[in-house]
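Working notes, beginning with the structure itself.
Residue numbers (the working numbering): 8 to 165.
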């Protein structure tokens, strides 16, 4: 299987992950467990962007292998820090998205890194760049959620 094949599978896995999160009420879980001031509209827009990024990274995999590595890092960060660790921290409270994070994100994210290494596209600097990029992608919507409540960003007419 090529890096591009794995990148397309990662995009599809993310789509399935979004479905799991929506079905099991990720919004209320995120508000209650991790304190995110999130609404369903935020969920929809953020995940639409993630799917668009997923398509782009799969298309770019043959020519810019760093991009699927960033997406894979995003998946691994999401799985560990936003699903697995919260379940451990809450002593077993289910996290919507946990099943796909464990069954799809961990193996596919790892497989992308392994494939990139086999093809000679992964060194220490690239690995670090991938995880920095994945962390920034993960942090971006969270930061935006917190910023939008600040008066400077309010667009209501005065």
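Here a beta-carbon is modelled for each residue, glycine too, at the ideal position from N, C-alpha and C.
Note that the coordinates shown come from a computational prediction; the quantities given were computed from them, not determined experimentally.
Can you tell me the Cα-Cα spacing of residue 40 and residue 150, whole angstroms? 17 Å
What residues in its chain sit with their C-beta under 6 Å from that of residue 25, if we drop five residues either side in the sequence? Taken in chain order, the residues that qualify are 54.
When you compare only the Cα positions, how much space is there between residue 156 and residue 141? 25 Å
Just to confirm the assignment, what range does the alpha helix (DSSP H) spanning residue 66 have? Here the alpha helix (DSSP H) through residue 66 covers 47 to 67.
Between the CA atoms of residue 99 and residue 59 - distance to the nearest angstrom: 32 Å
Taking 7 Å as the cut-off, decide whether the C-beta atoms of residue 137 and residue 76 are in contact. yes
Since residue 34 and residue 47 are thought to touch, with beta carbons under 8 Å apart, how far apart are those beta carbons, to the nearest angstrom? 6 Å
Return the Cβ separation of residue 78 and residue 20 in integer angstroms, given the expectation that the two are a contact with Cβ distance under 8 Å. Actually they do not touch by this definition, with Cβ atoms about 10 Å apart.
So, is residue 111 buried or exposed, given that buried needs 16 or more other C-beta atoms within 10 angstroms? buried
Buried or exposed for residue 153, please, with buried defined as at least 16 other CB atoms from any protein chain shown within 10 angstroms of its CB. So residue 153 ends up on the exposed side.
Bounding residues of the alpha helix (DSSP H) (the contiguous stretch that carries residue 2): Residue coverage of the chain in this structure runs from 8 to 165, which leaves residue 2 outside it and unanswerable.
Quick check on residue 92: buried or exposed, where buried means 16 or more other Cβ atoms within 10 Å of its Cβ? Its Cβ having fewer than 16 others within 10 Å, residue 92 is exposed.
Span of the alpha helix (DSSP H) around residue 43: Element bounds for residue 43: n/a, residue is neither H nor E.
Is the CB-CB distance between residue 72 and residue 29 below 7 Å? no
Nearest to residue 80 (by Cα), restricted to the options 97, 146, 158 and 66: 146
Terminal residues of the continuous alpha helix (DSSP H) containing residue 79? Element bounds for residue 79: 73 to 86.
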